[in-house]
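Notes for the one structure printed next.
Number of protein chains: 2
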Amino acid sequence: MKKALVKEESGELVETPVMSSITIDCVVFGFENGSLEILLVKHGRGIRKGEWGLPGGWIKEEEGIDAAAHRLLRELTGLDNIYLEQLKAFGDPQRFPVGRVITIGYNALIKREDYNVKAGFTASEAKWFKIKEIPDLIYDHNQILDYSLKRLRRRVRQAPIGFNLLPEKFTLLQLMQLYEEILDIEMDKPNFRRKILRMKLLVDLNEKQKDVSHRAAKLYQFDNTIYQKLTEKGFSFEF
Amino acid sequence: MKKALVKEESGELVETPVMSSITIDCVVFGFENGSLEILLVKHGRGIRKGEWGLPGGWIKEEEGIDAAAHRLLRELTGLDNIYLEQLKAFGDPQRFPVGRVITIGYNALIKREDYNVKAGFTASEAKWFKIKEIPDLIYDHNQILDYSLKRLRRRVRQAPIGFNLLPEKFTLLQLMQLYEEILDIEMDKPNFRRKILRMKLLVDLNEKQKDVSHRAAKLYQFDNTIYQKLTEKGFSFEF
DNA sequence: CCAAAAGTGTTTTCTTTACACCCATGT
DNA sequence: ACATGGGTGTAAAGAAAACACTTTTGG
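Here the protein sequences come in this chain order: U and L. Those letters in the first sequence? Residues -11 to 227, per this note's numbering, in order. Those letters in the second sequence? Residues -11 to 227, per this note's numbering, in order.
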C-alpha cells in the first residue's frame, strides 16, 4: 500500500496510507482590486523544482475526495468551509512523467479578505497570479486551468456562486465588476442593477459604504436560504 | 500491479494490467417511443449477483480515461463514436463494499436505431429501462444516475446534444418531444418550431416523412459544422 | 465647483407566451 | 367526414439593451 507524507491538523507531517495513482489538484480563485486571480504554489521537488503548479496532493485511503480537497485547502490557506466544485478527472496516460496518475480537478472560490487574515502561517511558497498573467505550469496544469476557467464562466452565469469571491457585504458595482472580470465583457450599470434586484436574491442591509471619496453605495448580502426557497418555487438564476 | 480480464477487439478475454482502485461507469441514454431510457447490465458475480447496475469496467494501465469509456461501450454495444461526456469522479470511501475504489462517471447518448442494428452479438445481459422505472441498483449507481440525469437536463438546455439521441433525420415534433421527455415539461408546438428554426442550426432536407397516417412532416438534420461556425460568431444555444 | 460613482427614468427592440386557426393525409 | 399531427398568424406581456439624466459626497 502506498504511503505519503500528509500534514495533520497539528502541522506535523505523518506517513499515511493514501490511494495510489490518484491525486487532487485545485484551482483556487480569488478576486482583488478588480482582478480575478488564482493561487499557485512553487514546486519543491523533482526535475521541475522551482516551477509553479496548482496546489494539490494525495487522497487518504479512508477519506472522501471532497474531504481530501477540503483538507488540502485547509493546509494551504488555513480556511475551512471553502466553496468547492469538482471539475472532473484528468487522465491522459502521459500527463504525469513519473508514472500513471489520474488527477481530480476542483474549483475553489475564496474571499481574499479571509485568506489574508488566515494564511500567514503557511510554510509552502504560494502566490496569487492574475488570470491574464499565468506562467507555464508543471505537468498538464495549464490544461486543467483552461478547463477550470471555462467551467467557472459557465457556472457563474447559471448559479449564484460569484458571491463566494466577494466580501460578506458588497455593493452592486462590485458585483457587476466581478461579472465583468470573470466573463471578460462590459456591462451596463443601470441594467445590471435592475436585473439583479429583480431576482430578489439579495438582502438590502440598509448600510452604506464608508471612507469612499464619492457618494456611498448601499451594501447588500447574498442569502443562500433565500436562493433555496426561490429555487423550490421554480426560479432559476440566469445571467 | 493489478490485472483484470479485458475483452479485446477479437472478443477474447485477456489478462491485462489495469489501474488499481479506479473504474469507469457509464450512463447510456437512448430515446424510443417517446421515452428516455438507460441501458443497464445484470451483474454476474459477487454477493449482488443478479442485480442491475451501470455498465462499466477497469482502465488499462496505458489508456486514457475517455478511451477506456469508449472501449467499454464498444464492448457493450458494438458502436464506435458514441457521444460521451465525463460527469465527475465518485469517491465515497464506502461506495464499494470490497475495497476503496473511485469511479469516474460518464454520460453516453446513443441512437437507438444504431444500437438495435449492432448490438445483437453481446454476450452480457443488458436491458433498456425507462427512466421512470429504474430498479434499485448495485453500489452507489442510483446516486450516479441521479447526478447524471441532472447533468443531462442542464446540458441539453445549453448545448445542442439532444440530437445524439435522435435518428439522423428527424421531424421538429420528434425533437420537441425529446425535450419534453428529458426536461419533463410540456411545450408549445408553434413556439418551439419558431425558436429552433430561428437558430438556423438545422438543415432542411427537403424530404418528408413516409408511411404516416397524417400529413407528412419535413425532415431535418443537425449539422455540427454549422453549430461550430455559429458559435465562433458568438451564438450560444439556449433553451 | 468638479470628479466619481450612485441611482432613476424612458424609449426601443427583441423574446416569450398563449392561443386561434388553417392545411394535408390516411382511414 | 374526421382524426391526427403539420404548420402559420397574431396580439399581449415581459425582458433586454441603449442611453439621458439627476443625486450624493469628498476634495
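Where is the CB? At the ideal position from N, CA and C, for every residue including glycine.
Between Ser224/L and the set Gln209/L, Lys188/L, Ile184/L, Ala147/L, the nearest pair of CA atoms involves Ala147/L.
Excluding the 5 residues flanking it on each side, Glu3/U has same chain C-beta neighbours closer than 7 Å at Lys(-9), Leu(-7), in chain order.
Neighbours of Lys76/U in chain L, taken as residues at a C-beta separation under 7 Å, are given in chain order as Gln74, Lys76. Secondary structure note for Met7/U: its beta strand (DSSP E) is the uninterrupted segment 1 to 20. Secondary structure at Tyr127/U: coil, using DSSP grouped into helix, strand and coil. Around the CB of Pro178/L, fewer than 16 other CB atoms lie within 10 Å, so the residue is classed as exposed. The three-state secondary structure of Thr159/U, taken from DSSP, is coil. Take the alpha-carbon of Glu0/L and the one of Arg83/U: they are about 30 Å apart. With respect to the C-alpha of Pro5/U, the residue from Glu50/U, His129/U, Asn130/U having the closest C-alpha is Glu50/U. DSSP places Glu113/L outside any alpha helix (DSSP H), giving it a letter other than H or E. Within the DSSP bridge table, the entry for Ala96/U names Val16/U, Leu72/U as partners. Taking the beta carbon of Ser9/U as reference, the chain L residues within 9 Å of it are Met7, Ser8, Ser9, Ile10, listed in sequence order. Taken through DSSP and simplified to helix, strand or coil, Phe180/L comes out as helix. When C-alpha distances from Leu64/U are compared across Leu171/U, Lys198/U, Ser23/U, Val16/U, the shortest belongs to Val16/U. Arg143/L is positioned such that its CB atom lies no closer than 7 Å to that of Leu171/L. Straight-line spacing of the CA atoms in Tyr127/L and Leu218/U works out to 33 Å.
For Ser23/U, the three-state secondary structure derived from DSSP is strand.
The continuous alpha helix (DSSP H) containing Ala56/U extends over residues 53 to 65. With respect to Gln209/L, Lys76/U sits apart: the two C-beta atoms are not nearer than 7 Å.
In this structure, the alpha-carbon of Phe78/U lies about 29 Å from that of Leu154/U. Judged by beta-carbon spacing, Ala114/L lies beyond the 7 Å limit of Cys14/L, meaning their Cβ atoms are not closer than that value. Per DSSP, the unbroken alpha helix (DSSP H) holding Ile214/U starts and ends at 212 to 220. For Ile92/U, the neighbours in chain L by C-beta distance under 7 Å run, in chain order, Ala77.
In the DSSP assignment, Val(-6)/U falls within the unbroken beta strand (DSSP E) covering -9 to -5. DSSP, read as helix, strand or coil, puts Phe151/L in helix. Across the structure, Asp199/L and Asp68/L are spaced so that their CA atoms are roughly 31 Å apart.
With contact defined as three or more Cβ pairs closer than 8 Å, the region 27 to 42 of chain U and the region 116 to 131 of chain U are in contact. Among the residues of chain U, those whose CB is under 7 Å from the CB of Pro81/L are Glu50, Glu51, Gly52, following chain order. For Gln209/U, the secondary structure class from DSSP, reduced to helix, strand or coil, is strand. Residue state for Glu195/L is assigned as strand, using DSSP reduced to three classes. Rounded to whole angstroms, the separation of the alpha carbons of Leu166/L and Phe180/L is 12 Å. The three-state reading of DSSP puts Ile132/L in helix, counting H, G and I together. Annotation: Arg59/U has no Cβ neighbours in chain L at a cutoff of 8 Å; minimum Cβ distance is about 13 Å.
When DSSP states are grouped into helix, strand and coil, Ile47/L belongs to the strand group. Checking the DSSP bridge columns, you'll see Lys30/U partnered with Trp40/U. By the rule that beta-carbons nearer than 7 Å mark a contact, Arg88/L touches chain U.
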